[in-house]
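Note that the numbering used here has the sequence shown beginning at 128, numbered continuously upward.
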Amino acid sequence: MAHSIELLFDPDTEAVLRRMWDDLGALKKAGLPIRIPPGRPHVTVAVAQRIAPDVDELLLPVARELPLRCVIGAPVLFGRANVVLTRLIVPSRELLDLHAEVHRLCGPHLLPEPMPNSLPGHWTAHVTLARRMDAAHLNAALAIAGRPAQFEGQFTGLRRWDGDQRVEYQLG
128 MAHSIELLFD PDTEAVLRRM WDDLGALKKA GLPIRIPPGR PHVTVAVAQR
178 IAPDVDELLL PVARELPLRC VIGAPVLFGR ANVVLTRLIV PSRELLDLHA
228 EVHRLCGPHL LPEPMPNSLP GHWTAHVTLA RRMDAAHLNA ALAIAGRPAQ
278 FEGQFTGLRR WDGDQRVEYQ LG
């Protein structure tokens, strides 16, 4: 299972995203194939097969930079047949700098190496709304996930997620 470093949203932003999860979950109850993510809405900034716990202390200065304003933008799809439905996090200079700093500090602790799509210059900041969606049912899901068209929020927390143990470690 993957390990990751993740940004967490303030309670108001998280509530908006959870309402989207709930509304998309209603599509599942109506029989559409869709999987709502477990846990908390978040933005993954680094991911690897394993992340050594040594990063926790290294990332404290990054955690102290929070809160950080963010803009949740348009829906973005990953994949083709069974898609992942997400919302774009508009890449501000501050967010990109934070992302680069996380990788600079954590790089040697991302084992055996960071996933290529999480590296600076290759990363698409997003929050996942649903997985394993059949592309034939996108209209209904996009009607839910696309409203509001854009909204502002804040990142207020940083955590390390241990996907093997399914445990989160709050940083800062």
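From the three backbone atoms N, C-alpha and C, an ideal C-beta is built for every residue, glycine too. For clarity, every value in this text was computed on a predicted model and none was experimentally measured.
- Comparing alpha-carbon positions, the option among 299, 292, 297 and 296 lying closest to residue 128 turns out to be 292.
- Here the C-alpha atom of residue 296 lies approximately 30 Å from the C-alpha atom of residue 201.
- Where residue 202 is concerned, the enclosing beta strand (DSSP E) starts and stops at 195–205.
- Cβ neighbours of residue 182 within its own chain (closer than 6 Å, five residues either side excluded): 233 and 236.
- Distances from the alpha-carbon of residue 208 to those of 231, 266, 245 and 260 put 260 closest.
- In this structure, DSSP gives residue 219 a state outside helix and strand, which the three-state scheme calls coil.
- Inter-residue distance for residue 137 and residue 204 is about 24 Å (C-alpha atoms, whole angstroms).
- At a Cβ-Cβ threshold of 8 Å, residue 135 and residue 167 count as neighbours.
- Sixteen is the threshold: since fewer than 16 other Cβ atoms of the shown chains lie within 10 Å of the Cβ of residue 239, the residue is exposed.
- For residue 253, the closest of 222, 264, 241 and 265 by C-alpha to C-alpha distance is 222.
- As summarised for the region 211–291, the continuous beta strand (DSSP E) elements at least 3 residues long and confined to that stretch are 253–261 and 278–289, given in chain order.
- The beta-carbon distance between residue 281 and residue 171, rounded to whole angstroms, is 17 Å. This is too long to meet the 8 Å contact definition.
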